[in-house]
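Remarks on the structure that follows.
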Amino acid sequence: MYIVTGAVLALGWTASVSSYTAPTVVDQLSFGNRGKLSDDGHSIPGWHISGEGHTPQLVSDRIVLTPPYPGNKRGAVWASQPIDHDQWEMEIDFRASGPDRGSGNMQVWYAFDGESRIGMSSIYTIGQFEGLVLVIDQYAGHGGSVRGFLNDGTKSFKDHHHVDSLAFGQCTYSYRNKGHFAKLLVKQTHEVFEVTIDGHPCFKTHKVRLPTGYSIGVTAASAENPDSFEVSKFLVHDHEWAKDPPKNTHNPAQHREEHRDPHKQPPPPPVHDAPSVPASSIKGTEAQFADLHDRISDLQNQLTHIVHDITALKQEQTENHEEVIHRILMDHDMVDDIHHIIHDLEANVKAIKDDVEGKDYKQHLERLHAIVAESHASMMNSMPNTVAGLVTERSRMGFFVFIIIAFQAIFGASYIVYKRRLKNSHQKYL
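Encoded structure:
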């Protein structure tokens, strides 16, 4: 017989909490957490800055990746070291400002060998890459959106017929001309991958797990009517459990494994109901306490079963819901594609119809009739001369045939005379 008390449970939870390391900022992968970004005004320690058409401006508290003017510029900032933590959180403070019809996009990358393979590319100009990219732009005309894309290195985004359909998660967020810096949080643990924007959940999934050793960076591109993208902070927090957690019933590693796949977690121990006995038969304090303990243990086991079933059901419903949402988004993108195709087809048919109905072919028919009439008159005028010429040529041809026949007759007669003379001549013998 054993006794489970509140003190023992509290001790177990205390051991579990003590095995977890509080999230800390990784200085080598962060900037903006210590006041000034740069000491010399040209570089950020541990980061590489590059630009196309300009050099990104580095001020005391932020980096301007694309300028307010002129447009068609690119900028990028990449960490020189990869993330070697399995659980992490990225915090990016950014701001976008520009004219009413300004446009551009910003990408947050977590990719293999990102700086050399991606550089200053956007989602529409990058070929094959391996990793994650979060895109912040005005997709689909909603005023702003945050979308997530994954690539295993086999797809070329710039050659894809509809790269927007590859997003695995997205949310609507109006980010332009806010005045303040928006906060984008990207979090990966053993249980979930989650994206939050300005404190509002954007999307999350339990099916994404990114490997370690990938590079982090931010790229931005502006259109001809430009948006200016600024980043004031990029922090990386690590979330790691202690390597040797104490052996107890509330092991955090075991808890993460169970939460990751509730269908594979071991079921609670079977419930054994306490025997029902009359209260009058329980004599003494120790017997009463033992009976009370057994009944509380049974109740605790039953509650454990209920919690286990509810957790599994909740997890299954969450995954089904996310799968349904993903399929709906894919169907929505397909419907958009079909709508665009039908719209283009209608425009082409309308153009052909307007072209056919708008042109008058009477002038062309009259011109064709005149050409045919002119050809007919010319032929009728030249016909008598042609016939007379044929007749003249025919008389000359008859005379020539007559000469040939006469020559053949003379030649035949000469041959006959020669044969007769040869036959009547005397034969000479030796």
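Counted the way mature numbering (1 follows the signal peptide of the UniProt record, and there is no 0) counts, the sequence shown spans residues -19 to -1, 1 to 411. Glycine is no exception: its CB is placed at the ideal position from the N, C-alpha and C atoms. Note that the structure is predicted; figures quoted are calculated from it, not measured.
- Taking a cut-off of 8 Å on C-beta distances, the stretch 77 to 91 does not touch the stretch 16 to 32, as fewer than three cross pairs fall below it.
- Distances from the CA of residue 19 to each of 44, 166, 191 and 34 were compared; the closest alpha carbon is that of 44.
- Where residue 112 is concerned, the enclosing beta strand (DSSP E) starts and stops at 109 to 118.
- Assignment of residue 165 by DSSP, reduced to helix, strand and coil, places it in the strand class.
- In the DSSP assignment, residue 129 falls within the beta strand (DSSP E) that extends over 126 to 137.
- Where residue 15 is concerned, there is no enclosing alpha helix (DSSP H), because DSSP gives it neither an H nor an E.
- Burial state of residue 361 is exposed, judged by a 10 Å Cβ sphere holding fewer than 16 other Cβ atoms.
- The alpha-carbon of residue 53 is positioned some 10 Å away from that of residue 84.
- Taking the Cα positions, residue 207 is about 29 Å away from residue 61.
- Secondary structure at residue 153: strand, using DSSP grouped into helix, strand and coil.
- Using a Cβ distance threshold of 7 Å, residue 63 and residue 195 count as a contacting pair.
- In this structure residue 48 is in contact with residue 38, their Cβ atoms being roughly 7 Å apart against a cut-off of 8 Å.
- Cβ neighbours of residue 128 within its own chain (closer than 6 Å, five residues either side excluded): 116, 148 and 151.
- The alpha-carbon separation between residue 95 and residue 9 amounts to approximately 17 Å.
- DSSP places residue 25 in the coil class of the three-state scheme, outside both helix and strand.
- Between the stretch 67 to 84 and the stretch 94 to 114 there are fewer than three inter-stretch CB-CB distances shorter than 8 Å, so the stretches are not counted as touching.
- Residue 211 and residue 12 do not touch by the CB rule: their CB atoms are close to 13 Å apart, not below 8 Å.
- Using a 10 angstroms sphere on the CB of residue 169, the tally of other CB atoms reaches 16 or more, which defines it as buried.
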